[in-house]
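Protein chains in written order, with our numbering: chain E, 2 to 335; chain Y, 506 to 767; chain U, -6 to 286. Everything on this sheet refers to the single structure shown next.
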Amino acid sequence: MGSLAKMSKKRYRGGILKLFNKKNIISLAVILAVYFIVQFFISNGSINDYIFTNVVLIGINIILALGLNLITGFTGQFSLGHAGFMSIGAYICAIVTAKLGLPFAIGIILAAISAAVIGFLIGLPTLRLKGDYLAIATLGFGEIIKNIFFNIDYVGGASGFNDIPFYTNWTWLYFSVVLTVVVVNNFIKSYAGRACIAIREDETAAEAMGVNTTNYKILAFVIGAFFAGIAGALYANYICLLKPDSFGFLKSIDILVIVVFGGMGSITGSIFGAIALTVISAFLQSFPELRMVIYSLILFFIMIYRPQGLMGTKEFSLGFLKKRGGLNAKAQDK
Amino acid sequence: MLKLKINNLTMAFGGIIAVSNVSMAVEEGLIAGLIGPNGAGKTTLFNVMTGMYSPTSGTISYKLRGKDIAGNKLKPYQITKCGISRTFQNIRLFKDMTVLDNVRLAFHDNIKCGVMSSILRLPSFYSEEERIYKEATELLNVFKLADKKNEFARNLPYGEQRRLEIARALAAKPEILLLDEPAAGMNPNETKQLMGLIKWVRDKYKLTIILIEHDMSLVMNICEKVFVLDYGQLIAEGAPKEVQKNKKVIEAYLGGKDYVKA
Amino acid sequence: MQQLLQQLVNGISLGSTYALIALGYTMVYGIINLINFAHGDIYMVGAYVGFALTTFFHMDFISSLIISMVVCAILGVIIEKVAYKPIRNSTRIAALITAISVSLFLEYGMMYFVKAETRTFPNVLPDWKFKIFGGVIINVRDIYIIVVTVLLMVLLQYVIHRTKVGKAMRAVSLDAEAAQLMGIDVNRTISYTFAIGSALAGAAGVLVGVYYNTIDPLMGIMPGLKAFVAAVIGGIGIIPGAMFGGFFLGITETMVSANGGALYKDAVAFAILIIILIVKPNGLLGKNVKEKV
């Protein structure tokens, strides 16, 4: 055995205690605090329906954006069919809750798993394509999924799937978002995440350094699809009505704009982007065409003048508040 | 003991035959040079050896980690995991990743924790991360890049980028190291340092090194055996001094005139 | 048999539209390696220009066709200069996103100004039908479409192979740097490529307008995507490939529609795309060359 290989035989300490470091405990406290504060305001009626709807949409968009960011921003695989995974999650959850009468939890889990499975099946053949071809192939799959749902009468076909029970509340929404953020963050700040970023940077070099690029691309794709499925489930049981048209190319573009705006490769960027663009959309609700024109201009100017978007590949760090590190540490100590 | 044996290897792209019926054998522990005029097929040979291309005909066999391995049908990442690593002619670092991350990426062996334990932040994740961090830092120390470990790779000066590429290649724990023009763009002083580094790396990590180079001072100085390619064919092999005097080699480089002494 | 022939006729008409649009895609991809997502929307603009000319200016078919082609050519050149030139050296993702943004801008910009309802073309072409082979119905409009398409294709082939401009286009698509070193004005050549491709898309728009009579601002999305599929089927970057692909897709789609798959015809087109991309990415007319890394 070469002497390099002998190096890794030394023992290194791990331990469950590492999980409970200062940073994580503070994060947990903040997460719970936000939850209870908002829950309080909802319970005493301060947050009306209109605002809550927007909060739900923001949450759903954050989950969608993080999933797509993982695929496109971090791993560099251009996917234009993300809405297709959302629709699978939405329809599966709708079927489970409305037609089968099972609890929401089962609906969400099945939604996520179905979307992930479809993500795997689609990813397997398409992820060997590069760049433009991958984009078009994923777009094609998204349209095929839409076409299929359009023609299935069991889920309402063209007229839509009605009477889905209303289950999405602040608790489900918030902890789904938190789950997404935590999983994506933990994934990125690990060997697997670094492998994905390396694939984005230079796939050939990554492969030459021992990374099974096919596996990681599919993995990122499946995780992204998984969360899109969750987002779809939350959407279905909030809006309570599904139309296949809502999940086409245009919806995929909506998510893409958020990811591009926030910064491809930044988790906090996707969060900020989702908030910003959902709010903008809310204001422009009465002017749907204008909204799309503005979206197109946003995309255009970002690509020309600031292709890295709001945050680039950096995360928002509260480092300026503390001496070193922060809630999301920057280049050091990942 | 033979570390690498190539038999009658041919690599053709449509009508272009980049490597033609090449047979080579490299003993363990050797620093071998692969030289030849531009376009002779040297990098293509490296690409075939690392699995990027599947050879049109011929065989490659390695003796890695004690086992005999046939290199024809393996994918690049599989060949790397067997124990071969390389650098590239045009530096292919991960530019938007830090120096540390570039090196950490290549530690793929024995990652005891899978994706699930990374996501769940199980104890094995933390111990693996610590191990990788320590090993990567050690390697960076060796290459005098440790103080820049949080710098983005694209911000490094050229010479350090080349060193980083070698460090990264070593992180993959190879037994055979392929260096593609490691001295390209370096001044004589840097080249001298590189020569020392390559020799030292071979000795410390007990590697077999094959390098492609155009800088004859480096080749003459540290290569113990030299292979010469021209138009895809192996036209000479042997000790550097012999090859230097070989008529065919001189003609290949200069078309018949005397080559300036290295 | 008669049914088959009927479907063939319908398929060729449909395929002509796809072929004309696909030509623009393939020419642009061949020269700057960009999938011009906005191309389908140029087709839509062509239809609207034709609509305006025939409805408000009471022009005849040929004149509105020609003027529409000119307008689209100009639009194509403007888009290239404003949107695509600045990102010529950016990453592929950036270029694709920019193309998408142009596409959205055209679609929703048009919708904002002319409203989303469909408009109806006035009848500028006669609507005679006649039967051949005992039962196959051919509309005079089918003949117009096919004839105009074939004429334009012949014209295109002439331009590509017998003019200096065409030579320059072929040179730049093979190796832009070398072409530049040979004295070819690459920027101008790219502009010409966009102009010609857009003109063809505009022609398709007018043809579809007079044939099917209705137009709407989003009419370019599906045909645009399908024309891209057609270009890929024939081999993206290969001009005869776009022609072949267009007709192939048109005929296939018509046959699928007529034989019970009408609801799935869109999905079928994309399924074909995916199969081709996986099995023979260089297209049916493309060469199988291994790329040197």
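Backbone N, C-alpha and C fix where the C-beta goes; we use that ideal spot for every residue, glycine too. Nothing here was measured: the structure is a model prediction, and the numbers come from that model.
Exercise for review: Round the Cβ separation of Y:K510 and Y:S566 to the nearest angstrom and send it over; I've been treating them as touching at under 8 Å.
Suggested key: The sequence position of residue 510 of chain Y within the second sequence is 5, counting from 1. The sequence position of residue 566 of chain Y within the second sequence is 61, counting from 1. Between Y:S566 and Y:K510 the Cβ distance is about 5 Å, and since that is below 8 Å, they are a contact.
Review point. DSSP beta-bridge partners for Y:Y567?
Key: Stepping through the second sequence from its first residue, residue 567 of chain Y is reached at position 62. Beta-bridge pairing links Y:Y567 to Y:L509 and Y:I574.
Point to revise | Anticipated Cβ contact below 8 Å, Y:T564 with Y:N577, distance rounded | key: Indexing the second sequence from 1 puts residue 564 of chain Y at position 59. Indexing the second sequence from 1 puts residue 577 of chain Y at position 72. Y:T564 to Y:N577, Cβ: 6 Å. Contact.
Practice item. Assign E:S47 to buried or exposed, taking buried as 16 or more other Cβ atoms, counted over all protein chains shown, within 10 Å of its Cβ. Key: For the purposes of this step, residue 47 of chain E is taken as the residue at position 46 of the first sequence. The residue is exposed, with fewer than 16 neighbouring Cβ atoms inside 10 Å.
Point to revise | Interface residues of the region 257 to 270 of chain U facing chain E [CB-CB below 7 Å] | key: Y257, D259, A260, F263, A264, L266, I267 and L270
Review point. Are the C-beta atoms of U:I28 and some chain E residue less than 9 Å apart?
Key: Indexing the third sequence from 1 puts residue 28 of chain U at position 35. For U:I28, the answer is yes, since a Cβ of chain E falls inside 9 Å of its Cβ.
Review point. For the region 235 to 248 of chain E against the region 283 to 293 of chain E, are there 3 or more C-beta pairs whose distance is under 8 Å?
Key: no
Check your understanding: When you compare only the Cα positions, how much space is there between E:G158 and U:L200?
Key -> Taking the first sequence and counting its residues from 1, one reaches residue 158 of chain E at position 157. Taking the third sequence and counting its residues from 1, one reaches residue 200 of chain U at position 207. Each residue's alpha carbon lies about 32 Å from the other.
Check your understanding: Looking only at DSSP bridge pairs, what is Y:M531 linked to?
Key -> Here residue 531 of chain Y refers to the residue found at position 26 of the second sequence. The sequence shown places Val at residue 531 of chain Y, not Met. DSSP output for Y:V531 lists Y:L509 as bridge partner(s).
Point to revise | Other residues of its chain near E:G77: CB distance less than 7 Å, five sequence neighbours each side excluded | key: On the first sequence, residue 77 of chain E is found 76 positions in, with the first residue counted as 1. These residues qualify, in order along the chain: I200 and R201.
Point to revise | C-beta contact flag for Y:I574 and Y:K580 at 9 Å | key: Along the second sequence, one-based indexing puts residue 574 of chain Y at 69. Along the second sequence, one-based indexing puts residue 580 of chain Y at 75. Their beta carbons are not under 9 Å apart, which means Y:I574 does not touch Y:K580 by this criterion.
Review point. Does the beta carbon of E:I259 come closer than 9 Å to any beta carbon on chain U?
Key: In the first sequence, the residue the question calls residue 259 of chain E occupies position 258. Not one chain U Cβ lies under 9 Å of E:I259.
**Study point:** Limits of the unbroken alpha helix (DSSP H) element including U:D259
**Key:** Position 266 of the third sequence holds residue 259 of chain U. Element bounds for U:D259: K258 to V272.
Exercise for review: May I ask you to list the residues that DSSP assigns as paired with Y:D685?
Suggested key: In the second sequence, residue 685 of chain Y corresponds to position 180, counting from 1. Bridge partners of Y:D685: Y:I717.
Exercise for review: Mark E:A30 as exposed unless 16 or more other C-beta atoms lie within 10 angstroms of its C-beta, in which case mark it buried.
Suggested key: In the first sequence, counting from the first residue as 1, residue 30 of chain E sits at position 29. That one is exposed.
Exercise for review: Starting from the C-beta of U:P210, find all residues in its chain whose C-beta is less than 7 Å away, skip the five residues before and the five after it, and write them out in chain order.
Suggested key: To locate residue 210 of chain U, count along the third sequence from 1; it is residue 217. Here the set comprises M37, E100, M103, M104, V107 and A109.
Check your understanding: Are three or more beta carbon pairs between the region 232 to 239 of chain E and the region 86 to 99 of chain E nearer than 8 Å?
Key -> yes
Practice item. Under 8 Å by Cβ, that's how I've got U:G8 and U:I265 pegged, so tell me the actual separation to the nearest angstrom. Key: Working through the third sequence from its first residue, we reach residue 8 of chain U at position 15. Working through the third sequence from its first residue, we reach residue 265 of chain U at position 272. That belief does not hold up - the Cβ atoms of U:G8 and U:I265 are roughly 13 Å apart, past 8 Å.
**Study point:** Buried versus exposed, by CB contacts within 10 Å (16 or more), Y:A658
**Key:** As a first step, residue 658 of chain Y must be located in the second sequence, where it is residue number 153. Buried, by the Cβ-count rule.
Check your understanding: Out of curiosity, what's the CA-to-CA distance linking E:G326 and E:G194?
Key -> What you label residue 326 of chain E is simply residue 325 of the first sequence in a count that begins at 1. What you label residue 194 of chain E is simply residue 193 of the first sequence in a count that begins at 1. Note that E:G326 scores 36 on pLDDT, short of 50, meaning its location in the model is unreliable and no value can be drawn from it.
Practice item. Might you give, ordered along the chain, the residues of its own chain that have their beta carbon closer than 6 Å to the beta carbon of Y:Q738, omitting 5 neighbours on each side? Key: Here the question's residue 738 of chain Y lines up with position 233 in the second sequence. Hits under 6 Å: S525.
Point to revise | E:G266 vs E:F75 beta-carbon contact at 9 Å | key: As a working note, residue 266 of chain E is residue 265 in the first sequence. As a working note, residue 75 of chain E is residue 74 in the first sequence. It is a contact, given that the beta carbons lie within the stated cut-off.
Point to revise | Per DSSP, cross-strand counterpart(s) of Y:V524 | key: Position 19 of the second sequence holds residue 524 of chain Y. DSSP output for Y:V524 lists Y:M516 as bridge partner(s).
Point to revise | Ordered list of alpha helix (DSSP H) runs contained in the region 61 to 139 of chain U, each at least 4 residues | key: 85 to 107
**Study point:** Helix, strand or coil at Y:K762 [DSSP, three-state]
**Key:** In the second sequence, residue 762 of chain Y corresponds to position 257, counting from 1. Unreliable placement is indicated for Y:K762, whose pLDDT of 48 sits below 50; no coordinate value is reported for it.
Review point. Alpha carbon to alpha carbon, how far is U:G238 from Y:E729?
Key: If you number the third sequence from 1, residue 238 of chain U lands on position 245. If you number the second sequence from 1, residue 729 of chain Y lands on position 224. So the alpha carbons of these two residues sit roughly 58 Å apart.
Check your understanding: Is any heavy atom in the ligand SAM found nearer than 8 Å to the beta carbon of E:T172?
Key -> Looking for the ligand SAM in the displayed structure turns up nothing, as the structure carries no ligands at all.
Check your understanding: When DSSP builds the beta bridges, which residues end up paired with E:L243?
Key -> Taking the first sequence and counting its residues from 1, the one referred to as residue 243 of chain E is at position 242. According to DSSP, E:L243 bridges with E:F162.
**Study point:** Local conformation of E:T73 per DSSP, three classes
**Key:** Indexing the first sequence from 1 puts residue 73 of chain E at position 72. Reduced to three states, the DSSP call for E:T73 is helix.
Exercise for review: Using a Cβ-Cβ cut-off of less than 7 Å, list which residues of the region 221 to 254 of chain U approach chain E; keep chain order.
Suggested key: F221
Review point. Using a Cβ-Cβ distance under 9 Å, would E:T269 count as near chain C?
Key: In summary, chain C is missing from the structure at hand, where the protein chains are E, Y and U.
Point to revise | Contacting residues, own chain, Cβ-Cβ under 6 Å from E:G211 (five flanking each side not counted) | key: On the first sequence, residue 211 of chain E is found 210 positions in, with the first residue counted as 1. So no residue of the chain qualifies.
Point to revise | Members of the region 136 to 150 of chain E near chain U, C-beta cut-off 8 Å | key: A136, I137, A138, L140, G141, F142, E144, I145, N148 and I149
Exercise for review: Compare the C-beta of E:G161 with all C-beta atoms of chain U and state if any pair is closer than 9 Å.
Suggested key: Taking the first residue of the first sequence as position 1, residue 161 of chain E is located at position 160. Answer no: the Cβ-Cβ gap between E:G161 and chain U never drops below 9 Å.
Practice item. Run down chain U in chain order and give the residues with a C-beta less than 8 Å from the C-beta of E:V294. Key: As a position in the first sequence, residue 294 of chain E is number 293, starting the count at 1. Going along chain U in sequence order, the residues near E:V294 (Cβ under 8 Å) are L97, F98, Y101, G102 and Y105.
Check your understanding: Does the beta-carbon distance from U:S6 to U:D135 come in below 9 Å?
Key -> Start at 1 with the first residue of the third sequence, and residue 6 of chain U comes out as number 13. Start at 1 with the first residue of the third sequence, and residue 135 of chain U comes out as number 142. Taking 9 Å as the Cβ cut-off, U:S6 and U:D135 qualify as a contacting pair.
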